[in-house]
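Going by UniProt numbering, the sequence shown opens with residue 1, and the numbers climb by one from there. Note that the Cβ used here is the ideal one computed from N, Cα and C, for glycine as well. No experiment lies behind these values; they were computed from the predicted model shown. Here's the structure we're looking at; comments come further down.
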Amino acid sequence: MRGLKNKRFIIGGGATGMGSRLAVRLIDEGAQVLVGDINLPALDTLKAERGAILTQHYDLADEASAEKLVSAAVEAFGGLDGVAITGADLSKATMGNDHPVPDMDVAIWERTNRVNLIGPAVLIRAAIPHLKAAGGGSIAAVSSGSAFNGMPALPAYAASKAGLQALIRHVARLVGKANIRCNGVSPGLVETPGAMVNLTPDMRERALADTPLPRFGQPEDIASMLAFLLSDDAEWITGQTFAVNGGAGFRD
């Protein structure tokens with residue numbers, strides 16, 4: 001893709017799944033990449049796959065952690081050209097207790113929004129001065145189809161992802177004149193351990209039946225779209241969230 005070679009990127013929450021595939025894609029395109037994640041063994045595995053990837057502990061729920069991640073990238077690369085945010089709290093402890101509103105647990109809502117919404121906002125805040133110093137850049141974040149679908153379950157998760165889309169539009173409007181773009185990707189059901197752990201076989205079967213294309217998504221499908229949004233091929237796109245979902249959501 002145009003404009004990825006020698007560019008300098010952070011991936012927040014990128015040790016596994018679509019974030020790890022994005023890291024590999026960017027490295028293979030000739031970019032410099034620092035991946036931050038709370039999952040240190042997975043970071044080691046990613047580093048073993050592509051030795052050029054830099055890694056660092058990063059916790060989306062920790063404000064100071066975001067500042068440290070950005071500072072580490074700027075120190076290592078001499079600047080910053082883009083940020084991708086692919087992490088979220090998909091743990092069974094959180095999502096498994098994300099009950100419908102009549103039975104909601106406020107602590108689950110607070111945890112979900114702290115990681116999935118406030119965490120990205122804090123990382124973007126830390127990155128913006130360095131993107132401005134570079135003369136512009138790109139931000140890309142992973143949302144979810146649940147933000148649109150009005151599901152009967154997982155309301156905290158869906159609300160956090162809807163909030164992330166509002167954040168994307170806010171940032172795009174705020175820093176567009178500084179030549180900084182901000183976009184999102186809304187995946188369908190992607191075969192990652194985090195996404196699949198909460199699905200029963202029946203749920204998987206119904207989800208695939210509702211998808212026009214004959215398979216679930218793969219992490220590489222989402223990574224390709226994120227790489228495009230970070231590249232100069234997307235230089236006149238901002239404030240958008242793109243569904244990459246195999247056509248899910250069509251109605252007969």
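Burial of N116 is indicated by the presence of at least 16 other C-beta atoms within 10 angstroms of its C-beta.
Rounded to whole angstroms, the gap between the alpha carbons of D105 and N6 is 46 Å. In the DSSP assignment, V115 falls outside any beta strand (DSSP E) and carries neither an H nor an E. Of all alpha-carbon atoms in N97, D37, A73, the one lying nearest the alpha-carbon of T86 is that of D37. Distances from the CA of G51 to each of A23, V197, N39 were compared; the closest alpha carbon is that of A23. By the 16-neighbour rule on beta-carbons within 10 angstroms, T200 is exposed. A straight line joining the alpha-carbon of L131 with that of S224 spans about 22 Å. By the Cβ test, the segment 53-72 is not in contact with the segment 177-186, since fewer than three Cβ pairs between them sit closer than 8 Å.
When the five nearest sequence neighbours on each side are left out, the beta carbons in the same chain lying within less than 7 Å of the beta carbon of Q165 are those of S143, A147, G184, T241, in order along the chain.
When secondary structure is reduced to three states using DSSP, N183 falls in the strand class. Contact between G17 and P219 holds, since their C-beta atoms are separated by about 5 Å, short of 8 Å.
Per DSSP, reduced to three states, the secondary structure at V197 is coil, with no helix or strand assignment. Every unbroken stretch of the beta strand (DSSP E) spanning 3 or more residues and falling wholly within the segment 52-122 is given here in chain order: 54-57, 82-85. Where A23 is concerned, the enclosing alpha helix (DSSP H) starts and stops at 17-28.
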